[in-house]
Ligand code: PRX
């Protein structure tokens with residue numbers, strides 16, 4: 001067991017001791033309904049549920065707490081007024097450290113959420129309406145989500161780094177009639193023209209909404225369209241706005257995420273199960289103690305921000321940090337400045353940020369105090385042991401346990417992790433299943449693999465935080481997650497289980513890549529490329545990248561008569577950024593006269609992956625290719641040398 005790292009003595013770990021984990025885990029899988037009905041008591045319900053799970057994976061129909069009713073804004077805000085009205089709920093740290101930040105107590109948060117909810121109502125938003133939120137990382141982003149939950153509207157947050165085209169696709173897919181945005185946002189002193197992007201999205205054919213609510217953030221000049229666009233300041237009001245009682249299975253939000261085929265899917269989460277799941281996981285995984293400051297560096301545009309900036313911490317009455325900026329502005333010590341300034345106790349960030357900061361040397365870290373830190377978390381992609389050790393030894397001074405949390409947009413919250421006071425850690429391993437989670441490894445034919453072995457990661461039983469559907473397309477939900485291995489939820493990840501029953505996520509086994517912790521479908525980048533009028537065909541694969549985890553490698557064939565050039569490379573990169581956003585920028589584009597296909601016309605991606613990985617010694621059998629000589633030309637023209 002040489003890969004165990006000595007467990008640091010937990011300073012405040014009161015939540016789960018090793019034996020308690022074993023007992024609770026057993027209980028959670030032997031009597032899931034009893035266990036999850038008990039956990040549901042963490043929340044305030046208008047009607048306490050008496051039914052646990054009502055679910056089937058074949059046919060796919062997932063429900064929890066069907067006879068319960070509640071409101072998550074009430075749980076995140078109003079119910080704390082009784083005993084923590086004056087406790088800080090959210091601390092805002094602006095992009096520029098010299099600008100004024102602010103903090104909101106639970107009582108102030110209550111007032112502001114009501115202001116936002118009233119503004120939404122004034123625009124005509126009602127229960128069940130979809131509201132697209134396209135915001136910078138500011139308090140009003142959180143308010144927008146909570147205000148939707150308060151009045152029963154379904155939020156669909158779109159990451160502020162997505163382009164107008166991508167935003168428009170997400171507005172039309174869920175027939176959202178309302179958008180909340182800000183004038184502009186700031187990231188590392190760069191201006192993000194959010195309102196102008198909304199205008200551009202709404203100018204595209206077939207995209208139309210009834211109202212746009214605009215938060216004044218930077219004060220930049222923007223266009224306002226009479227009748228459609230409204231300043232938040234003009235519509236907000238403090239008249240009473242009670243929380244709408246919601247059935248447990250009423251939708252809470254839609255969040256678009258990438259898969260191996262087609263355009264992003266609107267993953268649908270509902271109210272009761274998601275609330276219980278985020279509240280329970282936040283409490284155990286971060287071992288949160290009253291009064292501690294919790295900082296999740298994600299953006300609310302991703303599920304991590306939903307579950308661990310907004311719902312999990314606030315339902316638990318925590319104090320959280322909302323950071324507008326980036327880790328390297330004004331310098332690479334910004335994270336640690338923020339830790340010291342706000343006395344952060346728990347830091348939850350992504351391996352890509354850890355690797356980028358590690359590269360800059362230890363001085364940026366060691367020159368800051370960091371003694372407030374108690375626990376560190378990692379999420380979004382596998383963390384390589386080298387980055388893990390740096391995080392543990394340099395950032396956490398070997399004092400702070402690390403929780404490496406594996407989960408997905410579809411899982412709602414953490415699924416596999418060590419618990420800080422219950423388990424020893426192994427660098428690079430997420431650890432043990434959370435309560436109620438029953439992982440299973442299967443081979444490509446679906447045969448169950450036992451013991452210490454590697455396979456495809458499935459989950460055999462439902463859990464309250466599980467996504468319920470793909471918005472407007474339940475068949476796609478079934479097809480994507482439950483058809484590969486009938487009767488099981490297939491995660492799309494490969495995974496190894498060791499002799500200690502620890503799980504090691506090896507990465508995606510489908511055509512999804514993970515670039516800086518952002519999930520991207522290779523099919524999306526391919527569709528964007530072929531929209532360019534010079535491109536005939538494209539195939540996109542991931543390759544290992546030192547900082548980003550994976551980089552984007554594109555193979556492109558051009559239409560007859562077109563010539564490749566440096567300029568065309570730049571043009572295609574710009575084109576993909578325009579269609580999707582900067583996070584999808586290709587790292588390499590290899591122009592080729594053909595793509596390796598079988599005689600039946602199927603692209604052999606395995607070969608393209610190997611060449612992009614610079615591992616063309618092991619290409620395997622290429623004899624079934626329609627044109628075997630193409631492989632030599634592809635190797636000759638490879639870009640990632
Ligand atoms: O491949 C896994 C990887 O991120 C995918 C989920 O991405 P997304 O839905 O965007 O959610 C990210 C944040 C929860 C997974 O299928 N992933 C996430 N966390 C880890 C991880 N891979 C390894 N270790 C992790 N801790």
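Numbering (full-length UniProt numbering), first residue to last: 1 to 641. Don't be surprised by glycine CBs; every beta carbon is placed ideally from N, CA and C.
{"Query": "Identity of the residue in 481, 369 and 290 nearest residue 261 by Cα", "Result": "481"}
{"Query": "Any non-hydrogen atom of ligand 1 closer than 8 Å to residue 598 Cβ", "Result": "no"}
{"Query": "Continuous alpha helix (DSSP H) assignments of at least 4 residues falling wholly in the segment 384-433", "Result": "385-390"}
{"Query": "Closer than 8 Å: residue 382 CB and nearest ligand 1 heavy atom", "Result": "yes"}
{"Query": "heavy atom of ligand 1 below 8 Å from residue 166 C-beta", "Result": "no"}
{"Query": "Segments assigned beta strand (DSSP E), at least 3 residues, entirely inside the segment 127-200", "Result": "130-134, 154-157, 178-182, 185-187 and 190-192"}
{"Query": "Cβ pair residue 307, residue 64 closer than 9 Å", "Result": "no"}
{"Query": "Beta-carbon gap between residue 348 and residue 405 smaller than 9 Å", "Result": "yes"}
{"Query": "Contacts around residue 531, its chain only, beta-carbon distance under 7 Å, and the 5 residues preceding and following it disregarded", "Result": "579"}
{"Query": "Paired residues, beta bridge with residue 57 - DSSP", "Result": "60"}
{"Query": "Beta-carbon proximity check, residue 484 vs residue 493, cutoff 9 Å", "Result": "no"}
{"Query": "Contact test: residue 283 Cβ vs ligand 1 heavy atom, cutoff 8 Å", "Result": "no"}
{"Query": "Local Cβ density within 10 Å of residue 86, reported as buried at 16 or more and exposed below that", "Result": "exposed"}
{"Query": "For residue 54 and residue 342, the rounded distance between their alpha carbons", "Result": "43 Å"}
{"Query": "Separation of residue 143 from residue 127, as counted between CA atoms", "Result": "17 Å"}
{"Query": "Among 96, 338, 471 and 322, the one whose alpha carbon lies nearest that of residue 154", "Result": "471"}
{"Query": "DSSP state of residue 342 mapped onto helix, strand, coil", "Result": "helix"}
{"Query": "CB contact flag (residue 504, residue 451, <9 Å)", "Result": "no"}
{"Query": "Boundaries (first-last residue) of the beta strand (DSSP E) holding residue 518", "Result": "518-521"}
{"Query": "DSSP-derived helix/strand/coil call for residue 540", "Result": "strand"}
{"Query": "Straight-line Cα distance separating residue 591 from residue 285", "Result": "47 Å"}
{"Query": "Buried versus exposed call for residue 559 [16 or more other C-beta atoms within 10 Å across all chains shown]", "Result": "exposed"}
{"Query": "Contact between the segment 124-139 and the segment 187-201 (3+ Cβ pairs under 8 Å)", "Result": "yes"}
{"Query": "Exposure label - residue 234; buried when at least 16 CB within 10 Å", "Result": "exposed"}
{"Query": "beta-carbon residue 277 near ligand 1 non-hydrogen atom, thresh 8 Å", "Result": "no"}
{"Query": "Residue 505 CB to nearest heavy atom of ligand 1 below 8 Å", "Result": "yes"}
{"Query": "From 491, 193, 583 and 161, residue whose alpha carbon lies closest to that of residue 522", "Result": "583"}
{"Query": "Nearest candidate by alpha-carbon position, reference residue 81, set 59, 110 and 62", "Result": "110"}
{"Query": "Cut-off 8 Å between Cβ atoms - residues of its own chain near residue 557, not counting five sequence neighbours on either side", "Result": "535, 536, 537, 538, 591, 592, 593, 594 and 595"}
{"Query": "Contact between the segment 85-100 and the segment 113-120 (3+ Cβ pairs under 8 Å)", "Result": "no"}
{"Query": "Distance cut-off 8 Å: residue 3 Cβ against heavy atoms of ligand 1", "Result": "no"}
{"Query": "Between the CA atoms of residue 373 and residue 346 - distance to the nearest angstrom", "Result": "6 Å"}
{"Query": "Buried/exposed call for residue 219, threshold 16 Cβ in 10 Å", "Result": "exposed"}
{"Query": "Rounded straight-line distance, which links the Cα of residue 216 to that of residue 17", "Result": "47 Å"}
{"Query": "Where residue 439 falls: helix, strand or coil (DSSP)", "Result": "strand"}
{"Query": "DSSP-derived helix/strand/coil call for residue 608", "Result": "helix"}
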